[in-house]
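Below is one structure, written out as structure tokens; comments come after it.
2 protein chains.
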Amino acid sequence: MNSPLNKELVDAICIANGLRNAKELGNTTIRQLVSVVSDIERATGERYVRMEMGVPGLEPSKIGIEAEQRAIQTGIAAKYPAIMGIDELKREASRFIKAFINIDVPDKCIVPTVGSMQGAFTALLACKQMRDDRDTILFLDPGFPVQKQQCQVMEIPYLSFDVADYRDEKLGPKIEEYLRSGKVAAMLFSNPNNPSWMCLNERELRTIGELATKYDVVVIEDLAYLNMDFREDRSVPFQPPFQPTVARYTDNYVQLLSASKIFSYAGQRGAIIAISEGLFEREFDGFERRYGNGHFGRSLIHKILYCLSAGVTHTVQYAMTAMFKAASDGEFNYIESVKEYGRRAQRVKEIMLRNGFHIVYDKDCDQEVGDGFFFTFGYKDMTGEMLINKLIYYGISAIPLGGTGSAREGLRGCTSSISEVQYDELDKRLKLFSRDY
Amino acid sequence: MNSPLNKELVDAICIANGLRNAKELGNTTIRQLVSVVSDIERATGERYVRMEMGVPGLEPSKIGIEAEQRAIQTGIAAKYPAIMGIDELKREASRFIKAFINIDVPDKCIVPTVGSMQGAFTALLACKQMRDDRDTILFLDPGFPVQKQQCQVMEIPYLSFDVADYRDEKLGPKIEEYLRSGKVAAMLFSNPNNPSWMCLNERELRTIGELATKYDVVVIEDLAYLNMDFREDRSVPFQPPFQPTVARYTDNYVQLLSASKIFSYAGQRGAIIAISEGLFEREFDGFERRYGNGHFGRSLIHKILYCLSAGVTHTVQYAMTAMFKAASDGEFNYIESVKEYGRRAQRVKEIMLRNGFHIVYDKDCDQEVGDGFFFTFGYKDMTGEMLINKLIYYGISAIPLGGTGSAREGLRGCTSSISEVQYDELDKRLKLFSRDY
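If you read the sequences in order, they're chains G and V. Residue 248 is where the first sequence starts when you use the working numbering, and the numbers rise one by one after that. Residue 248 is where the second sequence starts when you use the working numbering, and the numbers rise one by one after that.
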């Protein structure tokens, strides 16, 4: 590719995908963007540097696959999985959390979900319903747009602000502005952060935890990228350093842990919810009124989660059990497997910077932001929309930060689908782009 | 077991399970009843005739298992399943529907769900949200209690009546009483019916379909027990007789088809939603207002279903594909496999009648109700609650009809967990019971 792609062709493909023209790519859904890029690849024979999808780019864990193959031979495909989850999974998940986060969550407070998508849906709805006098979710943005879509589907009010401008000692006062109203039922964030890859540190998590206790607000901590902050080595089970967590500082927490990214197991839709024992056992008036029983754990599991899917695919529960166990036993270094994303991010970011691009979320408090699954990039003073509308002609795809609640302009890139052989091509295309703009 | 079980022991186990005494068994959940019975079995060494759980009692389909084993070797465990479902599944599901229901549903109108539990949740929520001026669900009862729990969780108003008293020409006027208000968004029923095993016939389905069109109400048809009315042989693909369906009489339908019972595949949580093309393509103001796009199919799939679990376990989609295909190809007679339930029902009902019990829902219009997965039974003028509170001491378990929206008193029995060797024991226990009462 020595020149930009044919404008008419790209526009025609956008139109065939339900857009008016390529300019609309900037505020479409990821799914539509994926579809447009795939169609352009087919039509032109050119391979894009695809950074729009947040999907695993590695082989799935063999340990999980083998466990599923063994499990399915035992006839369990016929048997409804217990809604609480199989005992072994609850036990190994609790041990894994101890090994890599260093907190204690009893088996009974852990329940499997159909991906953390179902985990977030369940947790958000439970937090909305548990009290009659507060129903609002506060998102510490930028974040995963579909969690806001979940609120929209469930008619849950939400607020949000971009955390990047309120790091360290600025964080507490900013959060308190929102909590003071008394309307906030829960706060949600992902750590490491999707899309910016910023990582809240223990000081900030202490602040969040203490405010959660003070205002009696639940913290939903999305750990989709658990321990994928590669700036320190957290790969040895039961040894520090551990994943930073709000759970050390409040008893009002719900953690979402998914096998999708850490074990490259997204296809099988396995995750767990871990709830602090204090919260699990608490009684709430909203649950009492709705379900005749105010117990948080029982309401979340038997009333809400049960009626979403009647449990999690039986064999997948065995896969998760085996992967958690092997990681805790020190036999499966899951962090080493996913470090590849960090290496790719480093290379891609270096190529970007060399060609006049900048990293949008470049700082993590006083450090450089780490290299991992996602990174953010911009070009001169272009908005995210403008940038994707132009890059699309240069064989490069990524998604605008606009949909993530970001206060900054630019794109989110995911390193998972980039292969070694594409670095030179990326450099060439970005050179072409920077020559033109 | 020559005498009833020890009352103190049974009461103690009930109390240990969170009940005040055995009398509360009559209005507890199925799950709690299951737990009590399992504990009594452990404590006494006596094996119950367990009829409380609606779970498959046969081996899972080998075709499904082999397909999953093949699929998981291809690395798809790492890849997010497309939210629309894999192409092969959509194609084979469409063909299966043609082969065994004789209706035409295009591939694009079919989407996999995590069991029909997720299918019903999605369909109910879509029907509530699609129009701003109607939000109520009408259940043609008796029915599956968890679908009402779904309404409770989503705050969807619902109405219901017991269909048994309004069969044939009485059905239309009764339904119209409810539809005339203009508040009903959708009607839901299962056919064959859980728990009564009554089967709505083509005449009644025509009535329902015509009213659905007249009042513009969606019909959600739960086909969990597809073609398990064994009074006629519907086992030959693409040959009549077919499963009766409302889809022949209205364009306002959504069908729920699950692999759990027909393929004995409940553990893997695989099902599909099939939507009539007319409904799929329609635009609704409620969706337009909420999601900026009024399209029924896109709203249901990309807005609601997507945010519930981000798709269905990848390997399970291949299992469903293979089972649907083998059935349509005439290579897998799934109806022959599940006919065992009918044989068991016949034996158990005969033993019940011989010991002074009666069948609660005994008629299906002018026919005897068929023998299948579920049946209903009562004793003299005892309420369902009274009956289970007494039978529990005789080593027999089943669930009261109260929770199903039934207007009649008695219990639901499921034939799936009864084995050949238990018939004599059942006879002995019922004799003991009828001697005592």
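Just so it is clear, CB atoms sit at the ideal spot from N, CA and C, and this is done for glycine as well. Treat the numbers as computed from the prediction; the structure is a model and nothing was measured.
State the DSSP-derived secondary structure class of Val431 of chain V, mapped to helix, strand or coil. Under the three-state reduction of DSSP output, Val431 of chain V falls in the strand class.
Below 8 Å between beta carbons: does that hold for Phe604 of chain G and Phe621 of chain G? no
What is the residue span of the alpha helix (DSSP H) that His561 of chain G lies within? His561 to Ser575
Option in V:Lys610, V:Met401, V:Tyr626 and V:Ala645 with minimal Cα separation from Leu600 of chain V: Nearest option by C-alpha distance: V:Tyr626.
Give me, in chain order, the residues of the same chain whose beta-carbon lies closer than 6 Å to that of Thr497 of chain G; leave out the 5 immediate sequence neighbours on both sides. Within the same chain, and ignoring the five residues on either side of Thr497 of chain G in sequence, the residues whose Cβ sits closer than 6 Å to its Cβ are Gly456, Ala459 and Thr460.
For the region 322-329 of chain V against the region 481-496 of chain V, do three or more pairs of beta-carbon atoms, one drawn from each stretch, fall closer than 8 Å, so that the two count as touching? no
For Gln399 of chain G versus Ser556 of chain V, is the C-beta distance shorter than 8 Å? no
Burial state of Asn264 of chain G (16 or more Cβ within 10 Å): With 16 or more other Cβ atoms from the protein chains shown falling within 10 Å of its own Cβ, Asn264 of chain G counts as buried.
Since I believe Ile520 of chain G is in contact with Val358 of chain G (beta carbons under 8 Å), could you give me their beta-carbon distance rounded to a whole number of angstroms? 5 Å
Less than 8 Å between CB atoms is the rule here; does Cys356 of chain G satisfy it with respect to chain V? no
For Asp611 of chain G and Leu447 of chain G, I'd like the C-alpha separation in whole angstroms. Roughly 8 Å between the two C-alpha positions.
Taking only the alpha-carbon atoms, compute the straight-line gap between Ser341 of chain G and Lys355 of chain G and give it to the nearest angstrom. 9 Å
Under 8 Å between C-beta atoms, does Met570 of chain V make it to chain G? no
With C-beta atoms as the reference, is Ser507 of chain G less than 8 Å away from Pro303 of chain G? yes
Cβ of Gln399 of chain V less than 8 Å from any chain G Cβ? yes
From what residue to what residue does the alpha helix (DSSP H) around Glu688 of chain G run? As displayed, chain G neither begins before 248 nor continues past 684, which places residue 688 of chain G out of reach and without an answer.
Report yes if the CB atom of Asn619 of chain V is closer than 8 Å to the CB atom of Pro439 of chain V, and no otherwise. The identity of residue 619 of chain V in the sequence shown is Gly, whereas the question assumes Asn. Yes, Cβ-Cβ distance for Gly619 of chain V and Pro439 of chain V is below 8 Å.
For Pro442 of chain V, decide whether its Cβ has a neighbour in chain G, counting only Cβ atoms nearer than 8 Å. Interface flag for Pro442 of chain V against chain G is unset, since no Cβ pair is found closer than 8 Å.
Which residues, in order along the region 307-336 of chain V, keep a beta-carbon less than 7 Å from a beta-carbon of chain G? Along the region 307-336 of chain V, the positions whose C-beta sits under 7 Å from a C-beta of chain G are Pro307, Gly311, Ile312, Glu315, Gln316, Ile319, Gly322, Ile323, Ala324, Ala325, Lys326, Tyr327 and Pro328, read in chain order.
Inter-stretch contact (C-beta, 8 Å, three-pair minimum) for the region 560-579 of chain V and the region 415-431 of chain V: no
Reference Gly657 of chain V, options V:Glu587, V:Gln669, V:Ser443 and V:Val431, closest by Cα: V:Ser443
Is the beta carbon of Ile551 of chain V less than 8 Å from the beta carbon of Leu372 of chain V? yes
Residue range of the unbroken beta strand (DSSP E) whose run includes Ile467 of chain V: Val465 to Asp469
May I ask which residues mark the beginning and end of the beta strand (DSSP E) holding Asp379 of chain V? That residue, Asp379 of chain V, is in no beta strand (DSSP E); it is neither H nor E in DSSP.
Roughly how many whole angstroms lie between the Cα atoms of Glu313 of chain V and Phe477 of chain V? 28 Å
Span separating the alpha-carbon of Leu426 of chain V from that of Phe386 of chain V: 12 Å
Proximity test, Cβ basis, 8 Å: Pro303 of chain G and chain V: yes
Let's test the definition: count the other Cβ atoms within 10 Å of the Cβ of Ala318 of chain V and tell me whether it reaches 16, buried, or not, exposed. By the neighbour-count rule (16 or more Cβ atoms within 10 Å), Ala318 of chain V is buried.
At least three beta-carbon pairs within less than 8 Å, the region 636-647 of chain V to the region 278-296 of chain V: The region 636-647 of chain V is in contact with the region 278-296 of chain V.
Backbone CA spacing between Gln502 of chain G and Met298 of chain G [nearest angstrom]: Straight-line spacing of the CA atoms in Gln502 of chain G and Met298 of chain G works out to 27 Å.
Between which two residues does the alpha helix (DSSP H) containing Thr291 of chain G stretch? Ile277 to Thr291
Ends of the beta strand (DSSP E) at Tyr670 of chain G? Note, Tyr670 of chain G: premise wrong, no beta strand (DSSP E); alpha helix (DSSP H) at Tyr670 to Asp683.
Please classify Gly517 of chain G as buried or exposed, where buried requires at least 16 other C-beta atoms within 10 Å of its C-beta. buried
Under 8 Å, with one C-beta from each stretch per pair, do the region 344-351 of chain G and the region 522-538 of chain V reach the 3-pair mark? no
Sequence-distant residues of its chain with Cβ nearer than 6 Å to Gly558 of chain G (five each side left out): Pro328 and Ile330
Is the region 401-415 of chain V in contact with the region 374-383 of chain V, if contact means three or more CB pairs nearer than 8 Å? yes
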